[in-house]
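Residue numbers (our numbering): 347 to 443.
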């Protein structure tokens, strides 16, 4: 599969989508939705790292299918959509950092 890798625009719409995808992957039971409070916290953390962190997004077609978020501390958080090979997606993202 072909992936387009780009730096996040840090728009609230994009961050909302990425935060929801990340938090859904953290919810243990299928079908459970993360709380609005958790989503808001994650989205605000992403937004606050705009100047001192890095958020690289993998796009396939028109949709984000993965990201690597490097926090100001240097720690990294990653997410890859089910159905896409995590190793391939993350390798492509990390290759563009």
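Note that the Cβ used here is the ideal one computed from N, Cα and C, for glycine as well.
Since the structure is predicted, the reported quantities are computational estimates derived from the model, not experimental observations.
Q: Express the C-alpha separation of residue 418 and residue 398 in angstroms, rounding to a whole number.
A: 5 Å
(Q) Out of 359, 442 and 437, which one is the CA nearest neighbour of residue 390? (A) 359
Q.
Suppose contacts are defined by Cβ-Cβ distances below 9 Å. Is residue 430 in contact with residue 411 by that definition?
A. yes
Q: Go ahead and label residue 373 buried or exposed: buried means 16 or more other beta carbons lie within 10 angstroms of its beta carbon, across all protein chains shown.
A: exposed
Q. Just how far apart, CA to CA, sit residue 423 and residue 379?
A. 20 Å
Q) For residue 401, which residues does DSSP report across the bridge? A) 415
Q) Which runs of the alpha helix (DSSP H) fall wholly inside the region 364-394 and span at least 4 residues, in chain order? A) 382-394
Q.
Taking only three categories from DSSP, how would you classify residue 424?
A. strand
Q | Residues that residue 410 bridges to, as DSSP identifies them | A | 405
Q) Whole-angstrom Cβ separation of residue 354 and residue 401, contact assumed at under 8 Å? A) 4 Å
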